[in-house]
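Before any comments, here is the structure.
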Amino acid sequence: MIRKEEVYKIGLFNKPHGIHGELSFTFTDDILDRADCDYLICQLDGIFVPFFIEEYRFRSDSTALIKLEGIDSTERARMFTNVEVYFPARFVEEATPGDLSWDFFVGFRMEDVQHGALGEIVDVDTTTVNTLFVVEKDGEELLVPAQEAFIVGVDQEQKLVTVDLPEGLLSLDEVEEV
Numbered sequence: 467m468i469r470k471e472e473v474y475k476i477g478l479f480n481k482p483h484g485i486h487g488e489l490s491f492t493f494t495d496d497i498l499d500r501a502d503c504d505y506l507i508c509q510l511d512g513i514f515v516p517f518f519i520e521e522y523r524f525r526s527d528s529t530a531l532i533k534l535e536g537i538d539s540t541e542r543a544r545m546f547t548n549v550e551v552y553f554p555a556r557f558v559e560e561a562t563p564g565d566l567s568w569d570f571f572v573g574f575r576m577e578d579v580q581h582g583a584l585g586e587i588v589d590v591d592t593t594t595v596n597t598l599f600v601v602e603k604d605g606e607e608l609l610v611p612a613q614e615a616f617i618v619g620v621d622q623e624q625k626l627v628t629v630d631l632p633e634g635l636l637s638l639d640e641v642e643e644v
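So the mapping is simple: the working numbering equals the position in the sequence shown, first residue as 1, plus 466.
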């Protein structure tokens with residue numbers, strides 16, 4: 467059984483393309499070009515299910531057409547409409563932080579060199595110009611800029627991101643008002 471911590475989200479199947487079972491795929495990570503893996507994982511009814519890739523081709527910087535093995539008709543492909551697509555994390559273990567998408571780090575713990583443990587990365591916010599890590603600790607949410615310049619270390623085995631954030635970015639020490 468595939469567990470959530472073994473995969474990370476790379477995109478979404480949109481709708482069938484053509485009559486032979488091809489799927490339109492919007493991706494947030496071009497890992498298909500950078501890692502040697504011949505399958506993708508889809509979340510169907512809450513379960514992670516692997517599907518082998520027959521072929522794929524890029525249409526733009528964020529879309530591709532993918533043909534999965536055994537999906538040979540528009541009707542079968544339609545079952546994948548709006549299905550989230552994941553990639554097995556073990557195939558990117560040799561990648562450097564700059565080669566990974568920000569979504570890869572969801573589930574990692576975050577630590578600052580000066581403030582210590584910040585919490586767990588639970589999401590990545592791309593709705594603003596600056597991408598942000600959503601870090602949760604003790605029910606509180608902290609937004610941390612996802613900038614390579616702030617990352618001083620990534621331990622993929624321990625699932626830990628170490629950052630050195632600029633002074634004043636985090637006001638972790640609460641100041642009491644008089």
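Each residue gets a CB set at the ideal place from its N, CA and C atoms; glycine is no exception. Quick caveat, the model's predicted, so the values are computed rather than measured.
Asked, Found
"Among Phe517, Asn596, Val572, Gly487, the one whose alpha carbon lies nearest that of Val620", "Val572"
"Whole-angstrom distance between Leu531 and Arg544, CA atom to CA atom", "14 Å"
"Extent of the continuous alpha helix (DSSP H) run through Leu498", "497-500"
"Length of the line joining the Cα atoms of Lys533 and Glu614", "34 Å"
"Option in Gly536, Ser539, Arg556 with minimal Cα separation from Glu623", "Arg556"
"Where Ala555 sits in the DSSP three-state scheme", "helix"
"Rounded C-alpha distance that separates Val641 from Glu633", "Low confidence applies to Val641: its pLDDT is 41, below 50, so where it sits in the model is not reliable, and the reading given next is rough at best. So the alpha carbons of these two residues sit roughly 16 Å apart."
"Alpha-carbon spacing of Val595 relative to Phe514, whole angstroms", "32 Å"
"Minimum length 3: unbroken beta strand (DSSP E) runs contained in the region 504-552", "505-510, 513-524, 529-534"
"Member of Phe570, His483, Asp527 whose CA lies at the smallest distance from the CA of Val588", "Phe570"
"Beta-carbon proximity list for Leu638, same chain, < 6 Å, skipping 5 on both sides", "Interpretation of Leu638 is limited by its pLDDT of 45, a score under 50 that renders its predicted location unreliable; the figure taken from the coordinates is listed afterwards. If we look at Leu638 and ignore the five residues flanking it on each side, its Cβ neighbours are His581."
"Cβ-based burial, Tyr474 [other Cβ within 10 Å; buried from 16]", "buried"
"Asn596: first and last residue of the uninterrupted beta strand (DSSP E) it sits in", "It is not in any beta strand (DSSP E) - Asn596 carries neither H nor E in the DSSP assignment."
"Ile476: CB within 7 Å of a non-hydrogen atom of the ligand MG", "The ligand MG is absent from the structure shown, which contains no ligands of any kind."
"Close Cβ partners of Val579 (< 8 Å) along its chain, the five nearest in sequence each way excluded", "Val618, Thr628, Val629, Asp630"
"Three-state secondary structure (DSSP) of Ala583", "strand"
"Reference Phe491, options Glu471, Ile485, Glu550, Leu510, closest by Cα", "Glu550"
"For Asp527 and Pro554, the rounded distance between their alpha carbons", "21 Å"
"Bridge partners - Phe570, DSSP secondary structure assignment", "The partner list for Phe570 (beta bridge, DSSP) is empty, contrary to what the question assumes."
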